[in-house]
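Protein chains in written order, with numbering that gives the first Met the number 0: chain B, 0 to 255; chain S, 0 to 255.
C-beta atoms are modelled at their ideal positions from N, C-alpha and C, and glycine is treated no differently.
Only a predicted model underlies this, so the values are computations on that prediction, with no experimental measurement involved.
Protein chains: 2
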Amino acid sequence: MIPRLYIDAPLETGAAAPLSEAQAHYLKNVLRRSAGDEARLFNGHDGEFAAAIAELKKKGGVVAVKGKTREQEIEPELALYFAPVKRGPLETIIQKATEIGVARLCPVITERTVAPKMNVERLQAIAIEAAEQSGRLTVPSVDDPMKLARLLDAWPEGRRLLFCDEAGDDEREEWGGREGRATPVLEALKDMDSKAGGWAVLTGPEGGFTPEERMVLRSKTFVTPATLGPRILRADTAAIAALTLWQAALGDWRNS
Amino acid sequence: MIPRLYIDAPLETGAAAPLSEAQAHYLKNVLRRSAGDEARLFNGHDGEFAAAIAELKKKGGVVAVKGKTREQEIEPELALYFAPVKRGPLETIIQKATEIGVARLCPVITERTVAPKMNVERLQAIAIEAAEQSGRLTVPSVDDPMKLARLLDAWPEGRRLLFCDEAGDDEREEWGGREGRATPVLEALKDMDSKAGGWAVLTGPEGGFTPEERMVLRSKTFVTPATLGPRILRADTAAIAALTLWQAALGDWRNS
Numbered sequence: 000m001i002p003r004l005y006i007d008a009p010l011e012t013g014a015a016a017p018l019s020e021a022q023a024h025y026l027k028n029v030l031r032r033s034a035g036d037e038a039r040l041f042n043g044h045d046g047e048f049a050a051a052i053a054e055l056k057k058k059g060g061v062v063a064v065k066g067k068t069r070e071q072e073i074e075p076e077l078a079l080y081f082a083p084v085k086r087g088p089l090e091t092i093i094q095k096a097t098e099i100g101v102a103r104l105c106p107v108i109t110e111r112t113v114a115p116k117m118n119v120e121r122l123q124a125i126a127i128e129a130a131e132q133s134g135r136l137t138v139p140s141v142d143d144p145m146k147l148a149r150l151l152d153a154w155p156e157g158r159r160l161l162f163c164d165e166a167g168d169d170e171r172e173e174w175g176g177r178e179g180r181a182t183p184v185l186e187a188l189k190d191m192d193s194k195a196g197g198w199a200v201l202t203g204p205e206g207g208f209t210p211e212e213r214m215v216l217r218s219k220t221f222v223t224p225a226t227l228g229p230r231i232l233r234a235d236t237a238a239i240a241a242l243t244l245w246q247a248a249l250g251d252w253r254n255s
Numbered sequence: 000m001i002p003r004l005y006i007d008a009p010l011e012t013g014a015a016a017p018l019s020e021a022q023a024h025y026l027k028n029v030l031r032r033s034a035g036d037e038a039r040l041f042n043g044h045d046g047e048f049a050a051a052i053a054e055l056k057k058k059g060g061v062v063a064v065k066g067k068t069r070e071q072e073i074e075p076e077l078a079l080y081f082a083p084v085k086r087g088p089l090e091t092i093i094q095k096a097t098e099i100g101v102a103r104l105c106p107v108i109t110e111r112t113v114a115p116k117m118n119v120e121r122l123q124a125i126a127i128e129a130a131e132q133s134g135r136l137t138v139p140s141v142d143d144p145m146k147l148a149r150l151l152d153a154w155p156e157g158r159r160l161l162f163c164d165e166a167g168d169d170e171r172e173e174w175g176g177r178e179g180r181a182t183p184v185l186e187a188l189k190d191m192d193s194k195a196g197g198w199a200v201l202t203g204p205e206g207g208f209t210p211e212e213r214m215v216l217r218s219k220t221f222v223t224p225a226t227l228g229p230r231i232l233r234a235d236t237a238a239i240a241a242l243t244l245w246q247a248a249l250g251d252w253r254n255s
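So this is what it looks like as structure tokens:
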């Protein structure tokens with residue numbers, strides 16, 4: 000296994016690139032690598048490069064950049080807006096969404112969000128690790144949390160939002176039964192423009208969205224409401240499932 | 000929140016149903032419920048019933064079964080065959096697959112499976128909890144592990160297998176480049192018979208399947224090979240994504 004590393008520095012053949020303290024530690028003490036061993040590097044815009052470890056020290060290291068192994072690819076413009084949940088499932092969302100291929104990870108505070116303390120830096124580190132292991136050439140950014148109302152007010156023109164309208168059975172009935180129910184994701188995305196002005200997926204907290212939030216969301220012309228099957232999914236499951244379906248219907252999981 | 004409980008006993012209006020020690024403990028000490036409080040019960044075949052807690056003791060309890068709240072539904076005949084992985088992602092697979100709606104969970108030992116000690120009883124308990132919380136009326140069974148070769152040899156006639164043919168880029172090229180690549184899941188499942196003789200999804204261990212295993216799988220007429228996008232997914236992510244796509248394409252996530 001050749002380790003892949005995300006490097007926040009320009010990459011070109013013949014250059015030397017710096018390793019952080021954490022990367023040097025990981026290569027040396029976890030993977031037991033040393034000078035001369037191979038690695039792969041990417042920085043989000045220059046493609047992927049072969050590299051050789053030049054030096055591993057306590058406070059960092061250096062790799063020698065060799066030939067380009069992959070050209071940078073254009074990735075779908077897909078963001079995930081998600082209500083933050085407790086640490087375990089929150090980290091699952093970050094890791095899996097990165098593997099599935101989102102470009103941005105945006106925590107959104109909704110009425111029923113039981114907001115835990117969120118360490119955005121730690122979440123960003125999880126996204127980097129998932130990007131390295133999944134073979135991605137980019138790392139999704141993790142935003143600071145934002146309130147749902149503010150997000151909707153500042154929505155950019157042309158951009159579309161797949162709203163995963165999960166709710167308990169009682170609430171579904173309150174909403175007006177079958178008429179008020181969202182359509183399945185694949186049906187809702189059928190014949191939609193995969194580019195538009197970019198896409199985003201919105202998933203809620205464990206308690207779902209309030210009737211008021213659902214009404215506001217459904218009133219927006221940029222919103223496509225959709226449902227994720229007849230069972231109640233946990234917040235992390237819903238996020239993974241919705242992103243999977245978007246990628247399969249409109250993203251790079253289709254045949255190119 | 001009205002607690003839902005899986006009861007391994009017949010359910011009918013007017014009857015009394017037994018609670019296990021764990022259920023009595025959960026209701027009493029975690030949810031702080033007591034005699035007279037409401038619950039919902041299901042047993043996998045009689046539908047869902049309203050119930051009132053009659054008695055909560057240290058070693059168990061009793062609930063009084065009231066009216067039926069939901070009729071039993073016919074669920075898709077979908078099994079997940081998965082290579083067991085280490086405890087965290089293994090439990091994620093069991094929990095999420097239950098929410099998404101599989102009928103059976105079957106660990107499969109492949110060449111590259113780094114088989115951990117698996118506690119089937121604990122995995123079954125996770126499936127029960129996930130079924131209770133997701134609003135399901137059934138609990139998927141968790142099988143004892145079985146070798147891949149034995150599984151394929153004993154494959155029932157008419158049943159189909161969606162084989163998630165994940166592999167690293169190198170191996171994909173070895174396999175013969177684009178010609179040898181599997182098609183995307185949605186394309187592979189298009190116009191397939193959702194009933195057939197039942198369906199199953201097969202996902203591999205972290206290291207993927209060996210070239211020999213892939214060749215054997217692809218030679219079987221009951222196998223539909225498919226790919227889950229251009230990135231390398233972890234074993235648990237692949238299982239969740241594949242089941243999601245099957246449910247959306249052929250299962251009960253479609254409009255009924």
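Length of the line joining the Cα atoms of residue i and residue j
i, j, result
"Glu156(B)", "Glu211(B)", "23 Å"
"Ala8(B)", "Ala238(S)", "35 Å"
"Arg158(S)", "Ala50(B)", "47 Å"
"Thr223(S)", "Cys163(S)", "9 Å"
"Phe221(S)", "Val107(S)", "17 Å"
"Val141(S)", "Gln123(S)", "6 Å"
"Leu201(S)", "Asp190(B)", "30 Å"
"Asn254(S)", "Val184(B)", "10 Å"
"Tyr5(S)", "Ile125(S)", "12 Å"
"Thr243(B)", "Leu244(S)", "8 Å"
"Leu216(S)", "Val113(S)", "20 Å"
"Lys27(S)", "Gly35(S)", "12 Å"
"Arg121(B)", "Asp143(B)", "12 Å"
"Gln132(B)", "Arg149(S)", "32 Å"
"Val64(B)", "Arg111(B)", "48 Å"
"Asp235(B)", "Lys146(S)", "31 Å"
"Gln71(B)", "His44(B)", "6 Å"
Selection from the options that minimises the alpha carbon distance to residue i
i, options, result
"Pro2(S)", "Leu30(S), Glu76(S), Met117(S) and Val141(S)", "Leu30(S)"
"Leu89(S)", "Arg149(S), Arg213(S) and Leu104(S)", "Leu104(S)"
"Leu136(S)", "Leu216(S), Asn42(S), Asp152(S) and Gln246(S)", "Asn42(S)"
"Ile73(S)", "Tyr25(S), Asp190(S), Arg39(S) and Ala102(S)", "Ala102(S)"
"Met0(B)", "Ala53(B), Gly134(B) and Val113(B)", "Gly134(B)"
"Gly66(B)", "Phe48(B), Phe81(B) and Gly250(B)", "Phe48(B)"
"Thr226(S)", "Gly196(S), Gln246(S), Ser193(S) and Leu188(S)", "Leu188(S)"
"Ile92(S)", "Ala129(S), Met145(S) and Gln71(S)", "Ala129(S)"
"Ala181(S)", "Ala195(S), Pro115(S), Asp152(S) and Met214(S)", "Met214(S)"
"Lys219(B)", "Thr68(B), Asp152(B) and Arg32(B)", "Asp152(B)"
"Thr68(S)", "Leu79(S), Ala78(S) and Leu40(S)", "Leu40(S)"
"Tyr80(S)", "Arg86(S), Ala96(S), Gly87(S) and Glu70(S)", "Ala96(S)"
"Gly196(B)", "Ala78(B), Ile127(B) and Ser33(B)", "Ala78(B)"
Endpoints, alpha helix (DSSP H) assigned at residue i
i, result
"Pro210(B)", "Pro210 to Ser218"
"Pro88(S)", "Arg86 to Ile99"
"Leu10(S)", "No alpha helix (DSSP H) contains Leu10(S), which DSSP labels as neither H nor E."
"Leu40(B)", "That residue, Leu40(B), is in no alpha helix (DSSP H); its beta strand (DSSP E) goes Glu37 to Phe41."
"Val29(B)", "From DSSP, Val29(B) is part of no alpha helix (DSSP H); its letter is neither H nor E."
"Glu186(S)", "Val184 to Leu188"
CB of residue i within 9 Å of CB of residue j, strictly
i, j, result
"Gly100(S)", "Gly207(B)", "no"
"Arg233(S)", "Gln94(B)", "yes"
"Pro17(S)", "Gly46(S)", "no"
"Ala23(B)", "Lys56(B)", "yes"
"Glu76(B)", "Trp252(B)", "no"
"Glu11(B)", "Lys58(B)", "no"
"Pro204(S)", "Val119(S)", "no"
"Leu160(S)", "Trp154(S)", "yes"
"Val62(B)", "Ala38(B)", "yes"
"Ala53(S)", "Ala247(B)", "no"
Three-state class that DSSP yields for residue i in the structure shown
i, result
"Ala241(B)", "helix"
"Ile73(S)", "coil"
"Ala234(S)", "helix"
"Trp252(B)", "coil"
"Arg111(S)", "coil"
"Leu122(B)", "helix"
"Gly138(S)", "Just to set this straight, residue 138(S) is Val in the shown sequence, not Gly. In the structure shown, Val138(S) sits in coil (DSSP, three-state: anything other than H, G, I, E or B)."
"Ala195(B)", "strand"
"Ala102(B)", "coil"
"Arg177(S)", "Reliability of the predicted coordinates at Arg177(S) is poor, the pLDDT of 42 falling under 50, and the value obtained from them is presented with this limitation in mind. If DSSP states are grouped into helix, strand and coil, Arg177(S) belongs with the helices."
"Ala78(B)", "strand"
Span of the beta strand (DSSP E), counted from its first residue to its last, around residue i
i, result
"Ala16(S)", "Ala15 to Leu18"
"Ile52(B)", "Glu47 to Lys56"
"Val222(B)", "Val222 to Thr226"
"Arg263(B)", "Here chain B comprises residues numbered 0 to 255, so residue 263(B) is not present and cannot be evaluated."
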